[in-house]
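Engineer: Below: one structure in structure tokens.
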Amino acid sequence: MRYIPPTFTDLKDMAAIDVARLTEDEARTILENILWPDGPMCPHCKSRNATRINGKSQKVRDGLLQCNECRGQFTVTVGTVMHRSHITLRQWVQAFHSMCSHKKGVSALQLQRNLGLKSYQAAWHLAHRIRFAMRETPLKKALKGTVEVDETYVGGKSRLGKRGRGSERKTPVVALVERGGRILTRPVERVSAKALKAAIRQNVRKDARIMTDDFSSYQGLEREFKGGHEIVNHGEREYVRGDVHVNSAESFFALLKRGVHGTFHHVSKTHLHRYCDEFGFRWDHRKVTDGERTVAAIRGVTGKRLLYKEH
Ligand SMILES: [Zn+2]
């Protein structure tokens, strides 16, 4: 059978093998199509009136445009998490695709090998920038309907560390899961009633129905949420009662832990929130193809460059 090379313009339909074959120009076109669906926009003054400076001269960077309003120059990466990196656009697209395709994540070492990056550090920073693009906190829309709330302990340097509540080696992570929908997940300092309830109040609509286990910090939520507060009594080995359970949250934690312990081996407390962003993003986009998920992640790169170092 004769092989006809496809033309690459839409990431949505591409498999990993196609993504790996992208040229730098194709990768740029793909990024521009995703980030500028209505044509190039100047990141300095938001004008859509820009001219491509074509690369007749060797001195002109590939993909450079000039704004006809403010006269500023820009490329598709200006003002995004991809700005001023030494990583090529085809490596960026590949890295996004790779991190969006692997349920348990991809280690920096694996990324370094797959992308042919010079250093482990470069791969590590690349992965963190992608996690930052995947971040969606605070939530744009509060969670609604039936919302499961649960907490777990993640990380810890030693396998011998105590498990469960009260462990000092591990970091508590809370998850708020809209059943059949989105998730908000992040590490918390402690699993006090104050901290857990603050997370719920900030991110869940008042008409929601809350489901938790019998952990005492959740007591009293029925007074705040119109849909009520249902409790599954884990203490009495009850895990499901009708539609009362926190199984969605527990499925998410199982994935997060397999990633943190299996793929990344050790995640420090300082960086745990980034992994929560990554796993939360994949959860939110679990029902679409790898390509569609990649496009969604790339859309998150805008406006985050300046914030990156702070998080
Ligand atoms: Zn401008």
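In our numbering, the protein residues as written are 8 to 318.
Idealized CB from N, CA, C, for every residue including glycine.
Say whether the region 187–206 touches the region 287–301, bearing in mind that this needs 3 or more beta-carbon pairs closer than 8 Å, one atom from each stretch.
Structural biologist: Segments in contact, yes.
Engineer: Please determine whether the Cβ atom of G269 lies at a distance below 7 Å from any heavy atom of ligand 1.
Structural biologist: Residue numbering aside, residue 269 sits at position 262 when the sequence shown is read from its first letter. Answer for G269: no, Cβ out of range of ligand 1.
Engineer: Within the same chain, show all residues whose beta-carbon is closer than 7 Å to that of G171, passing over the 5 residues directly before and after it, in chain order.
Structural biologist: Residue numbering aside, residue 171 sits at position 164 when the sequence shown is read from its first letter. Only weak support is given to the placement of G171: the predicted model assigns it a pLDDT of 48, under 50, and the value that follows is read from those uncertain coordinates. These residues qualify, in order along the chain: Y160.
Engineer: Confirm the yes/no value for this check: CB of H3, any heavy atom of ligand 1, distance under 7 Å.
Structural biologist: Within the shown structure, residues of the chain are numbered from 8 to 318, placing residue 3 beyond reach of any answer.
Engineer: Please tell me whether, using a cut-off of 7 Å, the distance from the CB of E196 to the nearest non-hydrogen atom of ligand 1 is below it.
Structural biologist: Taking the sequence shown and counting its residues from 1, one reaches residue 196 at position 189. For ligand 1, not one heavy atom lies less than 7 Å from the Cβ of E196.
Engineer: Could you name the residues of the same chain whose beta carbon sits closer than 7 Å to that of G70, not counting the 5 residues immediately before and after it, in chain order?
Structural biologist: Along the sequence shown, read from residue 1 onward, the residue named residue 70 stands at position 63. Closer than 7 Å at the Cβ level, and outside the excluded window around G70, lie R35, T82 and V83.
Engineer: Is the number of C-beta pairs between the region 135–150 and the region 236–250 that are closer than 8 Å three or more?
Structural biologist: no
Engineer: Could you name the residues, in chain order, whose CB is less than 5 Å away from a heavy atom belonging to ligand 1?
Structural biologist: C49, H51, C52, S54, C74, E76, C77 and G79
Engineer: For a test of the three-state rule: what should DSSP assign to T58, helix, strand or coil?
Structural biologist: Residue mapping note: residue 58 aligns to position 51 of the sequence shown, counting from 1. T58: strand per DSSP, three-state reduction.
Engineer: How would you write the range of the beta strand (DSSP E) that M218 sits in, first residue to last?
Structural biologist: Here residue 218 corresponds to residue number 211 of the sequence shown, with the count starting at 1. From DSSP, the beta strand (DSSP E) with M218 extends over R216 to D220.
Engineer: Just to confirm the assignment: which complete alpha helix (DSSP H) runs, minimum length 4, are found wholly within the region 118–165?
Structural biologist: Runs of the alpha helix (DSSP H) inside the region 118–165: 127–141.
Engineer: Which runs of the alpha helix (DSSP H) spanning at least 4 residues fall entirely within the region 212–278, listed in chain order?
Structural biologist: 254–264
Engineer: DSSP puts R193 in a beta bridge; with which residues?
Structural biologist: The residue you call residue 193 lines up with position 186 of the sequence shown. R193 pairs with V181.
Engineer: Which whole-angstrom value describes the C-beta separation of A205 and V154, a residue pair presumed to lie in contact below a C-beta threshold of 8 Å?
Structural biologist: In the sequence shown, residue 205 corresponds to position 198, counting from 1. In the sequence shown, residue 154 corresponds to position 147, counting from 1. Going by Cβ atoms, the distance from A205 to V154 rounds to 15 Å, so no, they are not a contact pair.
Engineer: Leaving out five residues before and five after H236 in sequence, what residues of the same chain have Cβ atoms less than 6 Å from its Cβ?
Structural biologist: As a first step, residue 236 is located in the sequence shown; it is residue number 229 there, counting from the start. If we look at H236 and ignore the five residues flanking it on each side, its Cβ neighbours are I217, L228 and E229.
Engineer: Please report the straight-line C-alpha distance between D157 and S255, rounded to a whole angstrom.
Structural biologist: For this step, residue 157 is matched to residue 150 along the sequence shown. For this step, residue 255 is matched to residue 248 along the sequence shown. The alpha-carbon atoms of D157 and S255 are separated by roughly 9 Å.
Engineer: Of all the options A129, F232 and V195, which has the alpha carbon lying nearest to the alpha carbon of G152?
Structural biologist: Within the sequence shown, the letter at position 145 stands for residue 152. Selected option, being the one with the closest Cα: F232.
Engineer: Can you give me the C-alpha to C-alpha distance between D17 and I37, rounded to a whole angstrom?
Structural biologist: As a working note, residue 17 is residue 10 in the sequence shown. As a working note, residue 37 is residue 30 in the sequence shown. Rounded to the nearest angstrom, the two C-alpha atoms are 6 Å apart.
Engineer: What does C74 pair with, by DSSP beta-bridge criteria?
Structural biologist: Against the sequence shown, residue 74 aligns to sequence position 67. In the DSSP output, where bridge partners are listed per residue, C74 has A57.
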